[in-house]
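The next block holds one structure in the form of structure tokens; read it before the comments.
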Amino acid sequence: MLLLVLLLVPLVGAALVAPIKEQTTAKWVAVAVSVVELALVVITWFAYSVPAAQNGARFQLEFAVDWIPAFGTRFALGIDGFALVMLAITAVLVPIVMAFSWAEKLPEGRTQSGFYALVLATQGLLVGVFAATDVFLFYVFFEAMLVPMYFLIGRFGGPRRQYAAVKFFLYSLLGGLIMLASVIGLFVVSGRELGQGTFTWVELQTMAASLPESTQIWLFLGFFVAFAIKAPLVPFHTWLPDAGAEAPVGAGVLLVGILDKVGTFGFLRYCLPLFPLASQKLAPLVLTLAVIGILYGGLLAVGQTDMKRFVAYTSIAHFGFIALGIFAFSTQAFSGSVLYMVNHGVSTGMLFIVVGLVIARGGSRLVGDYGGVHKVAPLLAGAFLVAGLSSLALPGTNSFVSEFLVLLGSFPRQPVYTILATVGIIIAALYVLWMYQRTMQGPLRGSAVLAALGGGRGDGPGTMIDPAVAAERGATGFPDLSKREIGVLTPLIVLILVLGFFPGPVLDVINPTAAATMTEVGLADPVGGVSR
Amino acid sequence: MTPVLLAQAPAGAITAPPIAYGAIAPVLIVLGGACIAVLVEAFLPRHQRWPVQVALSLVVLAAAGITLGVYAGGSPAALTTLGDALSVDNPTLFLWGTLLLLGLGSILLIADRSVEPGGAFIPTPASRAASGGGGTTVTGGGGDDVDRDYGEPGSAPTMQTEVFPFALFALGGMMVFVSANDLLTMFIALEVLSLPLYLMCGLARRRRLLSQEAAVKYFLLGAFASAFFLYGLALLYGYAGSVKLSAIADAAAGSDRSDALLFGGLALLVVGLLFKGSVGPFHAWTPDVYQGAPTPVTAFMAACTKVAAFGAISRVLFVAFDTTRWEWRGVLWAVAIVSMVIGAVLGLTQTDIKRMIAYSSIAHAGFLLLGSMSITEQGVSGTLFYLIAYGFTTLAVFGVISLVRDSDGEASHLSQWAGLAKRSPLLAGVMSFLLLALAGIPLTSGFTAKFAIFAAALDDGMAPLVIIALVASAVAAFFYLRVIVLMYFNEPAPDGPTVTVPGAFTTAAITLGVLVTLLLGIVPSLALGMASGGPFSG
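Line by line, the protein sequences give chains A and B.
So in my numbering, spot 54 of the first sequence is number 54, and the numbers just go up one at a time.
So in my numbering, spot 525 of the second sequence is number 1057, and the numbers just go up one at a time.
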């Protein structure tokens, strides 16, 4: 029941917020709903029993009613450790996104209430995606999730929002439909194997071991393509930079921070346990794509001239690490990957927000239009640095733990891929630090910064503008973080540090499920199990 | 035809076959109602006709629905009646119910007089002139006063009410069509349903040339299709010595007769049927007729004709050609692929929303053919479910289209839909929901229906076809999406169309369509349960 409430609260909230005419009221109602959801997730966190998971309870807090008997589908919800941490990060990010978007400048004719309602709808459907334990139900949420995100990008995004929204929708829909072929196939195959077609995950999993490898490969590919588009892995990634760059910042945080994790979550929940033989057989292919993603995504990030596209490409590199950990088949790597999913949500979410704050001040997305921001907005530059360092996995930040776990867990089975992936860490340092240096450090320069400060064409690089001159030129200024913005960023910084030093509580939740997944894959753990 | 009938008749006295009145009561009520409607048209004064016709049609449909409900409520066994001419089995009952409901929706759209003052129908320019309206062939650009003054001088604009008996006759024909147990009955039903439709296409009040062109095109091509059907029927009779579906199946099962007759006959017969179902490559009439016909009639054709045609195709394939499925399936594979590809790809290039929905219906016909080809219980129930889902969505789509108007009648050019969400958020929301249903997004009936059909097809060994169908769905999604993009993300044109406030009838029809689309998406169990009550029997 708790999960059902968790699912319904944001959806009902969205329906309530959408028609409110008074914009401030709408925003407060939306924030209230998201805070209630966060409180419910906290309750869920404590209701989830780690010892029970260790003793073999695959799902907890289950709720199920028959839905469409003719298709053997049930409206079945339940969570394991992976789903729980994803629910948690979703619930944490949504209020932050809302607080961030409070004063967001929307395209003409759009209302805040519409934006907040769509954010809540996305959240509700995400809860459904993570909590579904019925493959059909999962598919339903997986596809339905596209619709609010499509409107978020297409209605509230940047200048090329239409193109980006349609590209996002079509890519995802194509992936989804290919997955539908596999979902139907799974149903038909289960009808033959079990005597009665079913979509219940647990029942399908029992059949996994006996499925012939060739069948598994076909079904695996359908799921894989959908998840690889969503995640995105490299040949399927081209929608993300467009969608990420054109999406309004708040939606972008949800998109990169959570929505894309559905892909990697899907690998772990559906591809591996349901098609273990195929997963092992095709692991080299996926690992190759993952490593290409780490290196290629990193190099492209170095070369970006648009800050939002930059964040999107860093994410592609990070998703490579997550996929590497998933297809390396060890409990440590699994745990590392899931922790990485959480951490990436925090650190990339923060990076996206900081970049959004910079863009809101300068009015340009181009890297070359900024320089020396540190001089006028030290707190903003500091936040940029924290987010960037977390993104490059500096020890002491959250990402270090997960990246280290992934590499540690992957090495015993896949030394070559792991060594290649390690190069990605160096590239990460390059793109983050170089970006920081170009935009934040040095003398004040760049047309966006200078224009905001009231500079004219005649003022050379490094000029400090006389305040009187600036006022005369009608400068908007390049203010440092406001109180609200500090409030938005503080919880993220706290999370980055806390998860960097004390990842234990989260790992405790993840580990039993990682062990269970390992059993379902049917391989022995190469390094003897997870440790704290 | 007479010799055929004579050959069937026993020598000596003809005894009247027993008739299960309870089972076929809905058909009798609809056809009887149609006859009364003709009398109403003949004897009542003009100003009384509209209210009487509307009330009569609604009462007839309700009565037929109640009789059907009462009969089906007793979960009767499948039976054939009228000398094996009609087969009343579970799919028949389901299709009858679907047809009656969709017919109800269509009649509501047809009856509406508030959207287009005086209703969307007019018989001929001559009669308009005769009744004091003046003007001759007014195409599109005709002045408003000329268009709206139709009727008695000094009275409110009235509408041509022949359309109600036409609709009832067509509906009765469709109901017989889906239950026909022999090919001759099927042919007669085909004519009964087609002839009124040809006429109804030409009744548009506005854009008369387009409407009449559509009617002529539909009539000529429809006549060809009927001829094909009849020729196929003749060949099959030559092969099996009977026009009964089950007799053809028996003959095909164990015989060394020439297959040329069987497959020649099947091919011609199926061409006739596929034409009615607007399956590519026999779709050429669809875009023109959908565009030219008055929108309420288009809704009626798109929803009900599709149901009738696929009901009949499924029945013929299931009952008569079950045993030979491996021989004909390859050809129908090709037809299904062609239909899906034509619908999805040509739909991308359309600039008129009615033509776009027409191409969408061609793509959907391809999906439906997948279900019809699966000769399994799952295939039958999937097809039936798809028909009800698709029918209601399309009905509502055309209902919405009829509301977006400018001074020149309906604004069906896509560019005129730009920014509609700003002017009329509710209408844009409803339309988006319906388009997403057509695209097959989960939580709409379109998804559940696609799932049902594809699962059946996959189970019956048509995996490649399912993959192609899914890719076609993805392509088709693009043009549905384009409309949503236009409505939501574009700025409205300064002289764009207005959204008419719909009258009670149109509102009811659209609400019905949207509700069914939503309900079948979220709780499809009820309809699925009824659809899977049993396969065709003959």
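Glycine included, C-beta positions come from ideal geometry on N, C-alpha and C.
In this text the structure is predicted, and so the values were computed from the model without any measurement.
The three-state secondary structure of B/G1065, taken from DSSP, is coil. Listed along the chain, the chain B residues whose CB falls inside 7 Å of the CB of A/V135 amount to none; the nearest CB is some 12 Å away.
The DSSP-derived three-state label of B/V936 is strand.
The C-beta of A/L146 comes closer than 9 Å to at least one C-beta of chain B. Here DSSP, grouped into helix, strand and coil, assigns B/G615 to coil.
Shown here for B/G1066: same chain residues with a beta carbon closer than 7 Å to its own, the five before and five after excluded, namely A610, D621 and N622 in chain order. With respect to chain A, the C-beta atom of B/G1061 has a partner C-beta closer than 9 Å.
With contacts defined as CB atoms closer than 9 Å, B/G898 and B/M888 fail to qualify as a contacting pair.
DSSP places A/T73 in the uninterrupted beta strand (DSSP E) bounded by T73 to I79. In this structure, A/L16 is the residue among A/F136, A/L16, A/L137 and A/Q414 with its C-alpha nearest to the C-alpha of A/S113. The way I'd put it, the segment 137-149 of chain A does touch the segment 161-178 of chain A; three or more beta-carbon pairs between them come closer than 8 Å. A Cβ-Cβ separation of about 5 Å places A/L351 in contact with A/V311 under the 8 Å criterion. Taking all protein chains in view, the Cβ of B/C567 is surrounded by fewer than 16 other Cβ atoms within 10 Å, so the residue is classified as exposed. In the three-state DSSP reduction, B/H945 falls in the strand class (E or B).
B/S947 is classed as exposed because its beta carbon has fewer than 16 other beta carbons within 10 Å across all chains shown. Inter-segment contact for the segment 833-848 of chain B and the segment 740-749 of chain B is absent: fewer than three beta-carbon pairs are separated by less than 8 Å. With fewer than 16 other Cβ atoms from the protein chains shown falling within 10 Å of its own Cβ, A/V42 counts as exposed. By the neighbour-count definition (other C-beta atoms within 10 Å, threshold 16), A/Y48 is a buried residue. Contact between B/L631 and B/V839 holds, with the beta-carbon distance rounding to 6 Å and staying under 8 Å. Against B/D991, the close residues of chain A are V188 and G191, in the order they occur along the chain (beta-carbon pairs closer than 8 Å). Chain B places a beta carbon closer than 9 Å to that of A/A70, counting this residue as a contact. Burial check for B/Y553: the Cβ neighbour count within 10 Å stays below 16, so the residue is exposed.
In this structure A/I294 is buried. Its beta-carbon is surrounded by 16 or more other beta-carbon atoms within 10 angstroms.
When the beta-carbon positions are compared, A/M518 and A/S330 come within less than 9 Å of each other. In the structure shown, A/L106 falls within a coil segment according to DSSP collapsed to helix, strand and coil. Secondary structure within the segment 123-198 of chain A: the alpha helix (DSSP H) runs of 4 or more consecutive residues, fully enclosed, are 135-144, 146-156 and 161-194 (chain order).
Its Cα nearest to that of B/V1017, the residue A/Q162 stands out among A/I68, A/Q162 and A/E104. Around the Cβ of A/L7, a 10 Å sphere holds 16 or more other Cβ atoms; the residue is buried. Going by beta carbons, A/F141 and A/L211 fall outside the 9 Å limit.
Between the segment 1026-1034 of chain B and the segment 187-195 of chain A, the count of Cβ pairs shorter than 8 Å is below three; the stretches do not touch.
The beta carbon of B/W628 sits closer than 6 Å to the beta carbons of P558, L600 and M707 from its chain, once the five residues preceding and following it are set aside; these are given in chain order.
In this structure the segment 66-74 of chain A does not touch the segment 85-100 of chain A; the number of beta carbon pairs closer than 8 Å is below three.
The C-beta of A/E485 has 16 or more other C-beta atoms within 10 Å across all chains shown, which makes the residue buried. Within the model, the alpha-carbon separation for A/V449 versus A/G257 is close to 28 Å. The segment 17-66 of chain A is shown to contain whole alpha helix (DSSP H) runs of 4 or more residues at 23-47 and 50-54, in chain order.
B/I920 sits away from B/F709, with the two beta carbons spaced by 9 Å or more.
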